[in-house]
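Peer 1: Numbering (my numbering), first residue to last: 179 to 262.
1) Thinking just about the alpha-carbon of each residue, which of 218, 223, 203 is nearest to the one in residue 247?
2) Shortest alpha-carbon distance to residue 240 belongs to which of 215, 205, 187, 189?
3) In three-state DSSP terms, what is residue 223?
4) So, at 6 Å on beta carbons, what are the nonlocal neighbours of residue 197 in its own chain, with the 5 sequence-adjacent residues on each side left out?
5) So residue 191 and residue 256 are supposed to be a Cβ contact under 8 Å. How far apart are they, rounded?
6) Output needed for residue 209: all residues of its chain with C-beta closer than 6 Å, excluding positions within five of it in sequence on either side, in chain order.
7) By DSSP, does residue 260 sit in helix, in strand, or in coil?
Below, the structure is given as structure tokens:
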């Protein structure tokens, strides 16, 4: 029984790590793309920099929630779900 518990705990840790690894790729690419395009827009039209900055920060905050959701799920995998 102890042998199976070791493997279940190992698989839970592996699943949590994969959840965080895969779940953080999307927000990182999305935020990098958003910041790059916003800086490009600010360089082309400096008078619109305030509006672009506001929209970029709002978009990055919304994109970051995906990473936070993957963190919550990985923590649930590690600490909340008990082995039946």
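All residues carry an ideal CB built from backbone N, CA and C; glycine is no exception.
Peer 2: Let's see:
1) Distances from the alpha-carbon of residue 247 to those of 218, 223, 203 put 203 closest.
2) 205
3) coil
4) Excluding residues within five positions, the ones whose Cβ falls inside 6 Å are 248, 251, 252.
5) 7 Å
6) 238, 241
7) coil
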